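Just so you know, we're using the working numbering here: the sequence shown kicks off at 49 and counts up by one.
Every residue, glycine too, gets a C-beta built ideally from N, C-alpha and C.
The model shown is predicted, which means the values in this text are computed figures rather than measured ones.
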Amino acid sequence: MLKDIPLSQLAVGMYVECYGDGSFQNPRRTLREFIHSPEKIRELAREGVASVTIDDSKSLAGPTPAGERRRANKPPDTEKPRRAYEHCLLHVLDVMDKVRRGCEVDFSDSYTAVDQLMAGVDENPAHMTLLAKLRHFDDYTFRHSLNVSLLSIIFAKHLGMQGDDLRRLAFAGLYHDVGKFRVPVEILNKPGRLSDREFAVMKDHSRLGFELLRGHPGTDKEILLGVLHHHERYDGTGYPLQVGQEGRDRFSPIISIVDIFDALTSRRSYKLASTPHDALKAMFCWRNETFPPGMLEKFVECFGVYPPGTFVRLTDQTHGLVVEARPESPARPVVKVNFSRRLQPMLPKLVDLSATPKSAQGGVDIEACLDPGELNITLERFI
Ligand SMILES: [Fe+2]
Ligand SMILES: [Fe+2]
């Protein structure tokens, strides 16, 4: 439903249809995008916009009463980010299905989904990371595309990227593997290891994705190179062109690190999922060949040594799920403690380890990372 509101009530997460009152001095302008940062609101204010028309049915947030901007200590919303994630997943399913059937696709429509993801990250980045790390198995390729886009937004924001760059990076992340939908399904879905010939076909998906997106509205050179180079490596041992760091674009190193993390922490028909903590340990072993210097360290700063989604045992023998990283204290995240020492469910309690003394001072530490699958624990119950 369309509704006119004063600019003072506009909030991050709202979908703005248009603005301007239609007068000669203030003509009506169509916007049709999500407000994904307070900067966008300031931009409208600088343009002299006094009121906007929002579409309530598409907005992730309701109007903010005048003078009552969200206070810093209000608990962040989890329902809107979840809705944003699920909407985007449906969009990805629809687009990828069209690609697979060889139908014409308007990829530029996906910027609405990208804006929803960005608004969800602005609303509650910790919860969005958790949604990405729930262990869904059956629709891996779709969720993986969405997760890479989502985690790229979170990581790139941490690196200082913003505005349109962030939006185009998120688009590239969403379609980094679109070429896989042109790989024969018997290879794409083959349980077990691929033969050398099959692997060569699979590796062609970066080039296929580049070709598929080339020339479409909403894409540009940087997006296309982000897709083409997402399996390139820092030392030039990647594929398809082995360009090394010198020949790389800005987006692909970010997509690449997130892609590897998401793939390692996902369960597939031929492998179990690594815990997020174990995935980081493996990535540390490859960091010199794979990532630009310092990039993995920045990744850990952003997502923590125990990234959201890691199931842990604390030194007081209670168990819980890491729900939020603390960039200023990467090894001491926020844990939602849900299970007793004997793994009996208990009343959930949030423990912010960054604000809790270490065990040596009578407090508590993380003692071990556990695989919830082995313990028959479903992570969805935690959030
Ligand atoms: Fe890929
Ligand atoms: Fe991928």
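According to DSSP, residues forming a beta bridge with residue i
i	result
LEU398	LYS384
ARG316	LYS319
PRO393	PHE387
VAL64	GLU81, ILE102
Residue i (DSSP reduced to helix, strand or coil)
i	result
ALA59	coil
ALA204	helix
ALA379	coil
PHE82	strand
ARG149	coil
LYS51	strand
GLU337	helix
TYR133	helix
VAL143	helix
VAL169	helix
ASP125	coil
VAL162	helix
ALA409	Note that residue 409 corresponds to Gln in the displayed sequence, not to Ala. Looking at GLN409 - three-state DSSP - the assignment turns out to be helix.
GLY211	helix
ASP297	coil
ARG76	coil
ASP307	helix
GLY421	coil
GLY257	helix
ASP13	There is simply no residue 13 to check, as the chain begins at 49 and stops at 431 in what is shown.
VAL291	coil
ARG281	coil
ARG94	helix
HIS264	coil
LEU427	helix
TYR188	helix
ARG216	helix
PRO324	helix
LEU182	coil
THR404	coil
ALA114	Unreliable placement is indicated for ALA114, whose pLDDT of 41 sits below 50; the coordinate value is still reported in the next sentence. ALA114: coil per DSSP, three-state reduction.
Opening and closing residue of the alpha helix (DSSP H) in which residue i lies
i	result
PHE347	343 to 351
SER438	Absent from the structure is residue 438, since the part of the chain shown begins at 49 and ends at 431.
GLU246	244 to 251
VAL226	VAL226 -> no alpha helix (DSSP H), and no H or E assigned at all.
GLU270	269 to 276
ILE235	233 to 236
Span of the beta strand (DSSP E), counted from its first residue to its last, around residue i
i	result
HIS367	367 to 372
ASP154	Run containing ASP154: none; DSSP gives neither H nor E here.
ALA416	414 to 418
LEU362	359 to 362
Residue i Cβ short of 7 Å to ligand 4 heavy atom set
i	result
SER322	Of the ligands one can find in the structure shown, namely ligand 1 and ligand 2, none is ligand 4.
Cβ of residue i within 8 Å of any chain D Cβ
i	result
GLY295	The structure shown has no chain D; it contains just one protein chain.
Just to be sure I understand the criterion: a residue counts if its Cβ is closer than 5 Å to at least one heavy atom of ligand 2. Which residues meet that? Those residues placing their Cβ nearer than 5 Å to any heavy atom of ligand 2 are, following chain order, ASP225, ASP307.
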